[in-house]
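Colleague: In the numbering used here, the protein residues as written are 34 to 593.
Every residue, glycine too, gets a C-beta built ideally from N, C-alpha and C.
Before we start, here is the structure in question, set down as structure tokens.
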């Protein structure tokens, strides 16, 4: 036991959780903590918007596999975190958000910059806490990090009234954490494993779908080993991209509304579907009534609430993905004789060739699929790609191959425009020695471009590639295809000039109007020690294809 203020206890507790960096913005209700941080051995990165602080913490968490931390003051500072917290919740990212709050006697009295951030974030956090006495702080911090990083990962919020930061108390940093009702299940049930193995042995057309849970549990090598043993092709969700190297012969690419031909067709034709660490979202399944119509589904997920929520599996397995895949493999090799699957695997190659044809640059100007292929040729395999949301995101997901886990970071469940750039900043902090590239659209990048100031000030040289079609591209695509080209409220009018914008922040601004110019620009950016924005004008008529129209079967792909 040691006596200290709540603010000092918070910082000490963060150190004990091995926190090296905090993304945040100070304000009156959190000033006592910032005063302690002044002398602390924790790197605080001053962002220019709290939403960006939350996204940066999220990007840091996904790139590093560690808990990301963001911090804000009360009121608008706290509410500005909400979008980033919701994004982390939807994508199961371990983030701890710390907010200042008005002093305890003023809570509930509409004090200056008071908001009920605990009430606001209850639906979008795994758990949240409001500190009621300074002595609680060490235990609450330990509990928050434990909850965020165990079971299905997710964000946790700690709300700190200002007077608890100043209050002194005897602090116990070694108090045991016991949470009634929170007992994540990691080990799979042996009987369910046996049933799954029997199905996989009998399968003639097996397919594996890997979601973000495979990456979160560090189960990628187990996934590939099992796929190679079964000779089962592997599709991924958007969150699972990178779980299997996308140049692997068994890789099908992404499944879903903008999935590859190979992934969508093979999943629909499967007789056994092994789904690992995914939640069968509407963007992955298409019409749920016609999803994998003749297949028996094995669903592995650490979150029991996901089992049967959207698709009822034949064999549910509540477990950690890594442990479940290991158990299936160990039992499988005891009794499995590898089957000849030449017809099934030839089908994979036939469908993948159809997809590769769409990468070729044809017509005038830069075509996004060809641009993605060029980016891949230039970047090293360990480069980290983040994306904004919209057409840029889907072009990257479809046509930019990823070879390693934690090198593709995107907003999935919430679909947050503006996510990619601050997430890139967080990823660069986590992995300073690898290139970090944000694939952006002009509409998304405008939403958080102010944090160019953060990347320049803190010498975090990320690269932003803006696919500049001067419209809100995905909305315009839907209006083009389904609303008779009635382009309502999507014209961005070529504003701003991204080269001048970058230069105004002290970053490097480049423009590329051909593949050759782009090749030079990206190589220049890779050799730069400041953030670079590359403006790439493209046609506003470009569509992301393939595409499954809403409510349709995954086979009903629009290819042109």
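#1: So if DSSP puts residue 349 in a beta bridge, which residue, or which two residues, is it bridged to?
#2: Between the beta-carbon of residue 239 and the beta-carbon of residue 265, is there less than 8 Å?
#3: Three-state secondary structure (DSSP) at residue 183?
#4: Run through DSSP, which three-state label would residue 473 get?
#5: Out of 453, 416 and 228, which one is the CA nearest neighbour of residue 357?
#6: Would you mind working out which of 309, 327, 371 and 364 sits nearest residue 350, comparing C-alpha positions?
#7: Can you tell me which of 100, 330, 302 and 89 puts its alpha carbon nearest to the alpha carbon of residue 444?
#8: May I ask you to verify whether the region 576-583 touches the region 292-303, counting CB pairs closer than 8 Å and requiring at least 3?
#9: CB-CB under 6 Å to residue 457, same chain, minus the five flanking residues each way: which ones, in chain order?
#10: Could you pull out every residue in the same chain whose Cβ sits closer than 7 Å to the Cβ of residue 545, ignoring the five residues on either side in sequence?
#11: Please state the DSSP three-state secondary structure of residue 546.
#12: Counting only the same chain and skipping the five closest in sequence on each side, list residues whose C-beta sits under 6 Å from that of residue 353.
#13: Rounded to whole angstroms, what's the CA-CA distance from residue 100 to residue 181? Just pull it up for me.
#14: On the three-state DSSP scale, how would you describe residue 464?
#15: What did DSSP end up calling residue 174 once you bin it into helix, strand or coil?
#16: Among 450, 438 and 576, which residue has its Cα nearest to the Cα of residue 269?
#17: Please classify residue 109: is it buried, with 16 or more other beta-carbons within 10 angstroms of its beta-carbon, or exposed?
#18: Go ahead and pull the three-state DSSP assignment for residue 496.
#19: How about residue 133 and residue 106: are their beta carbons less than 8 Å apart?
#20: Run through the DSSP bridge pairs and tell me what residue 284 is partnered with.
#21: Can you confirm whether the region 323-330 touches the region 458-468 when touching is taken to mean that 3 or more C-beta pairs between the two stretches lie within less than 8 Å?
#22: Does the beta-carbon of residue 95 have 16 or more other beta-carbons within 10 angstroms, so that it is buried, or is it exposed?
#23: Which runs of the alpha helix (DSSP H) at least 4 residues long sit entirely within the region 390-464? Give them in chain order.
#24: Helix, strand or coil: which one does DSSP assign to residue 293?
#25: Helix, strand or coil: which one does DSSP assign to residue 76?
#26: Given residue 196, which residues of its chain have a CB within under 7 Å of its CB, disregarding the five upstream and five downstream residues?
#27: Using a Cβ-Cβ cutoff of less than 8 Å, which residues in the same chain neighbour residue 342 once the five nearest sequence positions on both sides are dropped?
#28: Check residue 154 in the structure and name its three-state DSSP category.
#29: By how many angstroms is the C-alpha of residue 372 removed from the C-alpha of residue 131?
#30: How would you call residue 318, buried or exposed, if buried means at least 16 neighbouring beta carbons within 10 angstroms?
#31: Going by DSSP, name the residue or residues bridged to residue 165.
#32: Just to confirm, are residue 124 and residue 245 a CB contact at a threshold of 8 Å?
#33: Could you say which of 226, 359 and 507 lies nearest to residue 255 if we only look at CA atoms?
#34: Grouping DSSP H, G and I as helix and E and B as strand, with all else coil, what is residue 317?
#35: From the DSSP output, in three-state form, read off residue 540 for me.
#36: Identify every run of the beta strand (DSSP E) within the region 53-132, keeping only runs that are complete inside it and at least 3 residues long; order them along the chain.
Modeller: On the basis of the supplied data:
#1: Partner(s): 332.
#2: Here residue 239 is near residue 265, since their CB atoms are less than 8 Å apart.
#3: Note: residue 183 maps to coil in three-state DSSP.
#4: In the structure shown, residue 473 adopts extended strand secondary structure according to DSSP, grouped into three states.
#5: For residue 357, the closest of 453, 416 and 228 by C-alpha to C-alpha distance is 228.
#6: Just measuring C-alpha positions, the residue of 309, 327, 371 and 364 sitting nearest residue 350 is 309.
#7: Nearest C-alpha to residue 444: 89.
#8: They touch, by the three-pair rule.
#9: By the criterion of a C-beta distance shorter than 6 Å, residue 457 is surrounded in its chain by 419, 469, 471 and 495, once the five residues flanking it on both sides are discounted.
#10: Around residue 545: 551, 554, 567 and 569.
#11: In this structure, DSSP gives residue 546 a state outside helix and strand, which the three-state scheme calls coil.
#12: Answer for residue 353: 219, 250 and 335, listed in chain order.
#13: Between the alpha carbons of residue 100 and residue 181 lies a gap of roughly 7 Å.
#14: The answer is coil: DSSP assigns residue 464 none of H, G, I, E or B.
#15: Three-state result, residue 174: helix.
#16: Selected option, being the one with the closest Cα: 438.
#17: Exposed: under 16 other Cβ atoms inside 10 Å.
#18: It is a strand residue.
#19: Contact: yes.
#20: Answer is 267.
#21: In this structure the region 458-468 does not touch the region 323-330; the number of beta carbon pairs closer than 8 Å is below three.
#22: Buried.
#23: Runs of the alpha helix (DSSP H) inside the region 390-464: 401-411, 424-432 and 453-463.
#24: In this structure, DSSP gives residue 293 a state outside helix and strand, which the three-state scheme calls coil.
#25: Here residue 76 sits in strand by DSSP.
#26: The residues are 136 and 137.
#27: Excluding residues within five positions, the ones whose Cβ falls inside 8 Å are 312 and 313.
#28: Residue 154 falls in the helix class under three-state DSSP.
#29: One alpha carbon belongs to residue 131, the other to residue 372, and they sit about 54 Å apart.
#30: Classification for residue 318: buried.
#31: DSSP output for residue 165 lists no bridge partner at all.
#32: Yes, they are a contact pair.
#33: The candidate whose alpha carbon is nearest that of residue 255 is 359.
#34: If DSSP states are grouped into helix, strand and coil, residue 317 belongs with the helices.
#35: Correct three-state label for residue 540: coil.
#36: Those beta strand (DSSP E) runs which fall completely within the region 53-132 and span 3+ residues are 54-57, 76-79 and 101-105.
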